[in-house]
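Peer 1: Below is one structure. I have some questions about it.
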Amino acid sequence: MHAADSHDLIRVHGARENNLRDISVELPKRRLTVFTGVSGSGKSSLVFSTIAAESQRMINETYSAFVQGFMPNLGRPDVDVLDGLTTAIIVDQERMGGDVRSTVGTATDVGALLRILFSRLGKPYAGPAKAFSFNVATISGSGAVTVRKNGQQVKERREFEIVGGACPRCEGRGSVSDVDLTALYDDSKSIVEGALTIPNYSVDGWYGRIFANSGFFPGDKPISSFTKPQLNALLYKEPTRIKVDGINVTFEGLIPRIQKSFLAKEREAMQPHIRAFVDRAIVFQRCPDCDGTRLSELARSSKIRGISIADACAMQISDLADWVRQLDEPSVAPLLGSLRHTLDSFVEIGLGYLSLDRPSGSLSGGEAQRTKMIKHLGSSLTDVTYVFDEPTIGLHPHDIARMNDLLLRLRDKGNTVLVVEHKPETIAIADHVVDLGPRAGADGGHVVYTGDLDGLRASGTLTGRHLEYRASLKPSVRTPSGYLEIRGADRHNLRGVDVDVPLGVLTVVTGVAGSGKSSLIHGSIAGRDGVVVVDQGAIKGSRRSNPATYTGLLEPIRKAFAKANGVKPALFSANSEGACPNCNGAGVVYTDLAMMAGVATTCDVCDGRRFDASVLGYTFGGRDISEVLAMPVAEAEKFFGAGEARTPAAHRILERLADVGLGYLTLGQPLTTLSGGERQRLKLAVHLGESGGTFVLDEPTTGLHLADVEQLLALLDRIVDGGRSVIVIEHHQAVMAHADRIIDLGPGAGHDGGAVVFEGTPAELVADRSTLTGEHLAAYVGA
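One point on numbering: in the UniProt record's numbering, the residue at position 762 of the sequence shown is 762, and numbering is uninterrupted.
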């Protein structure tokens with residue numbers, strides 16, 4: 001690469017965000033730079049929390065104070081100098097909105113383009129584009145309009161109708177629901193006795209108090225004794241303002257409240273306890289009027305060459321692209337060109353197996369990231385900085401080459417591409433590599449290598465040493481102790497699959513993206529007795545929640561502090577009696593600046609430590625409670641494992657956290673800052689403390705460095721050797737090679753997948769080489 005002058009560089013000097021150790025690095029513009037290093041080494045702190053965050057903050061500052069008031073508050077990253085920044089576009093793995101009204105079509109431009117197409121070419125004519133939108137209802141009414149008559153402006157009352165495409169019965173949701181009242185309350189109890197059995201509606205909670213004191217029915221009498229109007233008010237009353245404990249609140253019946261708070265989200269986006277309640281209380285069925293298409297009869301009656309917009313949205317996108325290519329209508333030529341380009345981008349990026357009516361909340365993190373890429377592929381912007389967070393997640397080795405081509409295309413258009421990545425196949429295409437480490441957490445935060453790929457291989461860093469690492473096939477595999485039978489599985493694209501999933505072994509379910517892996521396992525295994533699904537979904541909790549609270553670790557720590565100092569355990573909770581009175585235990589004080597962006601500043605009373613000064617006077621093993629919460633897991637494991645601070649109950653939990661590769665996390669780190677992979681490993685640590693069962697893990701190598709994958713495999717071995725079954729949905733070849741049994745789905749994606757194409761040991765798959773997975777695994781192990 002030619003020597004770059006300062007105009008061709010992004011210069012970072014003195015970066016100290018999170019665990020970064022005052023680092024300086026220069027990145028070439030209009031090149032592809034890959035950031036590597038173990039989980040927790042500081043990659044995301046440098047790329048997202050420093051470079052991308054400052055770019056976004058500077059763009060936000062160009063808007064007026066009024067507009068800034070509607071934007072998120074972005075503090076300046078802890079860095080001395082950031083030069084040469086361009087506009088940063090972050091393409092991350094955050095799941096797309098879980099709203100039931102959001103689909104792949106509405107989340108991209110395709111839905112809007114199709115609606116315009118049908119409003120122009122559909123026969124019979126149904127109306128403008130909004131007449132084909134299931135998010136617009138048809139509204140009829142009358143109102144006053146001003147018209148001119150005899151040169152005078154006069155008001156007349158006229159009838160009007162706004163034609164939308166939503167099915168009137170299901171209001172554009174595609175399904176109708178019926179509520180099982182017995183799952184909402186125990187009618188033998190009164191509300192003050194805890195009759196309501198809805199999550200978050202306990203007697204002590206805010207909703208419980210509103211219902212107990214509404215005045216529309218007696219809160220102290222069994223629900224079975226309610227009169228018909230009283231029961232009707234409990235279940236169906238429209239929103240009404242009332243006063244409870246001197247505070248103005250809105251009371252609303254249980255049914256409409258449940259529909260707004262629980263049923264507005266896609267099932268996959270719900271918290272597990274909410275999902276369990278909804279599964280128990282709500283019976284969903286496909287809307288009989290629109291057959292689940294969400295669209296009105298008028299919208300469905302308008303067709304182009306015998307295809308309605310509902311038919312088009314239900315098609316696999318690769319098939320829809322072929323259909324659109326057959327349309328030749330000069331009057332809408334630019335529209336057809338744009339539609340073809342966008343649909344072809346879906347196919348090119350490996351998402352041709354999706355359909356436009358697929359709920360966006362059901363997409364995996366990798367699918368969501370690739371869907372967000374669609375709009376950037378067609379963009380004419382140049383000299384933009386694109387920032388990617390592990391773009392190969394969820395991709396079969398067969399698909400990674402395709403993703404690499406897209407990253408290179410963005411670069412070749414004159415953009416700077418920054419990629420956080422662990423896969424050697426993507427590290428290999430880098431123009432420039434920045435390796436962080438040498439380890440994680442307090443042992444990370446340094447730049448240990450910058451340069452080209454050959455230099456990385458020879459650098460001796462953890463990444464350099466593991467770049468050529470290849471797991472080998474196991475010489476022998478375990479024998480199953482039994483089987484979980486799956487018969488006739490037909491969820492999504494599965495074609496009546498019959499398969500026996502072995503127990504007592506490590507089973508890897510693989511296949512290209514969209515082949516049906518998740519549909520098979522989540523649709524047929526999850527929910528069975530003894531099956532624990534450990535996913536990467538968000539963990540319920542506020543910014544006050546952290547690994548210590550989530551795992552139950554704080555309980556034995558509080559008790560140990562209390563016993564050593566002869567005081568109450570509640571003093572050692574920042575959410576209870578021990579909280580700093582100034583910030584209420586948050587560690588920061590939020591200042592509302594009206595129309596300007598609010599500011600969060602470190603509490604100047606507790607200096608961000610969250611506890612009252614008197615509490616910090618109590619110590620255990622020579623440390624106060626805030627110092628303990630600032631410890632990384634690895635340090636805390638040693639601290640509570642021996643000497644005067646020995647606490648077996650805490651040490652056991654810390655051992656499990658270290659086991660799953662989270663030794664670098666601090667005990668008090670907010671859960672909101674964890675990645676999907678870290679959340680999954682945290683949940684796994686909690687479940688490791690439970691007895692028996694079958695674990696289902698969905699891509700547990702997400703966010704793991706090559707060196708950490710070895711540790712994960714050793715952990716999976718220990719779980720299986722401890723008498724449990726492990727089923728892993730995974731693309732990583734090291735995990736495949738280590739499996740006892742592989743179930744390979746395919747042969748392709750969407751309607752080209754949905755079948756079991758191989759069952760057997762990894763060695764048999766390599767010898768067979770009859771599937772895409774077999775070919776790639778054979779090449780990986782050098783067979």
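Here a beta-carbon is modelled for each residue, glycine too, at the ideal position from N, C-alpha and C.
Roughly how many angstroms separate the alpha carbons of residue 415 and residue 315, rounded to a whole number?
Peer 2: Going by C-alpha positions, residue 415 is about 34 Å away from residue 315.
Peer 1: Give me the Cα-Cα distance between residue 105 and residue 157, rounded to the nearest whole angstrom.
Peer 2: 38 Å
Peer 1: Give the DSSP-derived three-state secondary structure of residue 638 in the structure shown.
Peer 2: helix
Peer 1: For the alpha helix (DSSP H) holding residue 457, just list the boundary residues, first then last.
Peer 2: 453-457
Peer 1: Rounded to the nearest angstrom, what separates residue 362 and residue 26 at their Cα positions?
Peer 2: Near 39 Å, if we compare the C-alpha coordinates of residue 26 and residue 362.
Peer 1: Going along the chain, which unbroken runs of the beta strand (DSSP E) with 3 or more residues stay wholly within the stretch 474-515?
Peer 2: 482-489, 497-503, 506-510
Peer 1: Could you spell out the range, first to last residue, of the alpha helix (DSSP H) harbouring residue 30?
Peer 2: It is not in any alpha helix (DSSP H) - residue 30 carries neither H nor E in the DSSP assignment.
Peer 1: Measuring straight from C-alpha to C-alpha, what distance separates residue 7 and residue 86?
Peer 2: Cα-Cα distance, rounded: 11 Å.
Peer 1: My understanding is that residue 34 touches residue 392, with C-beta atoms under 8 Å, so please give their C-beta distance in whole angstroms.
Peer 2: Not quite, the Cβ-Cβ distance comes to about 11 Å (not below 8 Å), so this is no contact.
Peer 1: What separation, rounded to the nearest whole angstrom, lies between the Cα atoms of residue 742 and residue 731?
Peer 2: 11 Å
Peer 1: Within 8 Å (strictly less), CB to CB, does residue 349 reach chain B?
Peer 2: The chain inventory of the structure shown lacks chain B, comprising one protein chain alone.
Peer 1: For residue 706 versus residue 466, is the C-beta distance shorter than 8 Å?
Peer 2: yes
Peer 1: Using CA atoms only, rank isn't needed, just tell me which of 63, 36, 39, 82 is closest to residue 784.
Peer 2: Because residue 784 is not part of the residues shown, which for the chain are 1 to 783, the question remains open.
Peer 1: Along the chain, where does the alpha helix (DSSP H) that runs through residue 773 open and close?
Peer 2: 772-781
Peer 1: By how many angstroms is the C-alpha of residue 181 removed from the C-alpha of residue 188?
Peer 2: 13 Å
Peer 1: In the DSSP assignment, find the beta strand (DSSP E) that holds residue 14 and state where it starts and stops.
Peer 2: 9-15 is the extent of the beta strand (DSSP E) around residue 14.
Peer 1: Helix, strand or coil: which one does DSSP assign to residue 746?
Peer 2: strand
Peer 1: Check whether the Cβ atoms of residue 295 and residue 126 lie closer than 8 Å to each other.
Peer 2: Taking 8 Å as the Cβ cut-off, residue 295 and residue 126 do not qualify as a contacting pair.
Peer 1: Can you tell me the Cα-Cα spacing of residue 273 and residue 451, whole angstroms?
Peer 2: 48 Å
Peer 1: Give the straight-line distance between the Cα atoms of residue 519 and residue 302, rounded to the nearest whole angstrom.
Peer 2: 33 Å
Peer 1: Taking the C-alpha atoms as reference points, what is the distance between residue 124 and residue 344?
Peer 2: Their Cα atoms are separated by approximately 28 Å.
Peer 1: Could you check what DSSP says for residue 766 in three-state terms: helix, strand or coil?
Peer 2: helix
Peer 1: So residue 257 and residue 248 are supposed to be a Cβ contact under 8 Å. How far apart are they, rounded?
Peer 2: In fact, because the Cβ distance is near 17 Å, the residues do not count as touching under 8 Å.
Peer 1: Using 8 Å as the Cβ pair cut-off and three pairs as the minimum, do the stretch 158-178 and the stretch 127-145 touch?
Peer 2: Judged by Cβ distances under 8 Å, the stretch 158-178 makes contact with the stretch 127-145, as three or more pairs qualify.
Peer 1: Within 8 Å, do at least three Cβ pairs link the stretch 763-772 to the stretch 318-338?
Peer 2: no
Peer 1: When burial is assigned at 16 or more other CB atoms within 10 Å of the CB, is residue 749 buried or exposed?
Peer 2: A residue is called buried once 16 or more other Cβ atoms fall within 10 Å of its Cβ, and residue 749 is buried on that count.
Peer 1: Who are residue 83's beta bridge partners in DSSP?
Peer 2: DSSP, once it has assigned bridges, lists 11 as partnering residue 83.
Peer 1: In the DSSP assignment, find the unbroken beta strand (DSSP E) run with residue 147 in it and report its ends.
Peer 2: Per DSSP, residue 147 belongs to the beta strand (DSSP E) from 139-149.
Peer 1: Residue 646 and residue 662 look like a contact to me (Cβ under 8 Å); what is the Cβ gap, rounded to whole Å?
Peer 2: Their Cβ separation, rounded to whole angstroms, is 22 Å, which puts residue 646 and residue 662 out of contact at 8 Å.
Peer 1: Just to confirm the assignment, what range does the alpha helix (DSSP H) spanning residue 523 have?
Peer 2: 517-524
Peer 1: Helix, strand or coil for residue 125, going by three-state DSSP, please let me know.
Peer 2: coil
Peer 1: Can you grab the Cα-Cα spacing for the pair residue 664 / residue 183, in whole Å?
Peer 2: 43 Å
Peer 1: So, under 8 Å CB-CB, residue 290 and residue 169 are touching, yes? Tell me the CB distance rounded to an integer number of Å.
Peer 2: 7 Å
Peer 1: Quick one, are the C-beta atoms of residue 579 and residue 667 less than 8 Å apart?
Peer 2: no
Peer 1: Leaving out five residues on either side along the sequence, give the residues of the same chain with a beta carbon under 8 Å from the beta carbon of residue 679.
Peer 2: Correct list, in chain order: 536, 537, 538, 539, 671.
Peer 1: So, using beta-carbon positions, are residue 728 and residue 473 closer together than 8 Å?
Peer 2: no
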